[in-house]
Amino acid sequence: MGRVIRAQRKGAGSVFKSHTHHRKGPARFRSLDFGERNGYLKGVVTEIIHDPGLSIIKLPSGSKKIVPSGCRAMIGQVAGGGRTEKPLLKAGNAYHKFRVKRNCWPKVRGVAMNPVEHPHGGGNHQHIGHASTVRRDAPPGQKVGLIAARRTGRLRGQAAATAAKADKA
1 MGRVIRAQRK GAGSVFKSHT HHRKGPARFR SLDFGERNGY LKGVVTEIIH DPGLSIIKLP
61 SGSKKIVPSG CRAMIGQVAG GGRTEKPLLK AGNAYHKFRV KRNCWPKVRG VAMNPVEHPH
121 GGGNHQHIGH ASTVRRDAPP GQKVGLIAAR RTGRLRGQAA ATAAKADKA
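If you want it as structure tokens, here you go:
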């Protein structure tokens, strides 16, 4: 990110990120509250309107927002934007990604394990071997699979229609 300047000095076409849309005094060191840290605007200055003390900001969604010219904003784009859009491509990249985060990779299926490691493990071919649904008050260690499932199987009929409508929305 770049310098922190006032809205009326950014000029048309500047890409910026604003931590607040309220008027602020001169820049000084102080603790930021939750709203200022998280409730930021991000967009491009489209024009400086002739209403004294106001600026129009065009947001990435296309909507425009009028903010006081005394608001502070940072010039530039946030570093590392779009990092997650590139595919990992190979297991080694996923390994290094999750090595520094938490122990949640790789995910091994229960049917691929031995019977001492998982209730779904074992057998001469990979199958669960019993119903995958389990009751709500099952003890820990038995409580794997579809826990207290209201229904199982493929969605058919009215349930499929409502699920498809929910996916579109």
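The UniProt record's numbering puts the first residue of the sequence shown at 1, with every later residue one more than the last. Glycine residues also receive a C-beta, built at the ideal position from the N, C-alpha and C atoms.
DSSP-derived helix/strand/coil call for residue i
i    : result
K64  : strand
A73  : strand
T152 : coil
D144 : The residue asked about is misnamed: residue 144 is Val in this sequence, not Asp. Looking at V144 - three-state DSSP - the assignment turns out to be coil, as it is neither helix nor strand.
V78  : coil
V134 : strand
V108 : coil
P139 : coil
E85  : helix
Other residues of its chain near residue i: CB distance less than 6 Å, five sequence neighbours each side excluded
i    : result
R136 : A148
L155 : A163
M113 : G121
Boundaries of the beta strand (DSSP E) in which residue i is found, first to last residue
i   : result
K58 : 54-58
Integer-rounded CB distance, given that residue j should sit under 8 Å from residue i
i    : j    : result
T152 : T133 : 6 Å
V111 : H127 : 7 Å
Delimiting residues of the alpha helix (DSSP H) encompassing residue i
i    : result
Q158 : 158-168
K97  : 91-99
Rounded separation between residue i and residue j - CA only
i    : j    : result
P115 : P60  : 53 Å
R72  : S55  : 12 Å
G76  : Y95  : 32 Å
A91  : G82  : 20 Å
G62  : K165 : 27 Å
H125 : P139 : 26 Å
G157 : K168 : 17 Å
P106 : N93  : 12 Å
V100 : T84  : 16 Å
S69  : G53  : 5 Å
G122 : R150 : 27 Å
F34  : I66  : Low per-residue confidence applies at F34: pLDDT is 48, beneath 50, and the placement is therefore not dependable enough to give any value.
Residues near residue i in its chain [Cβ-Cβ closer than 7 Å; skip 5 each side]
i    : result
Q142 : P119, V134
F29  : Unreliable placement is indicated for F29, whose pLDDT of 45 sits below 50; the coordinate value is still reported in the next sentence. Within the same chain, F29 has no close Cβ partners at all.
Beta-carbon proximity list for residue i, same chain, < 8 Å, skipping 5 on both sides
i    : result
C104 : F98
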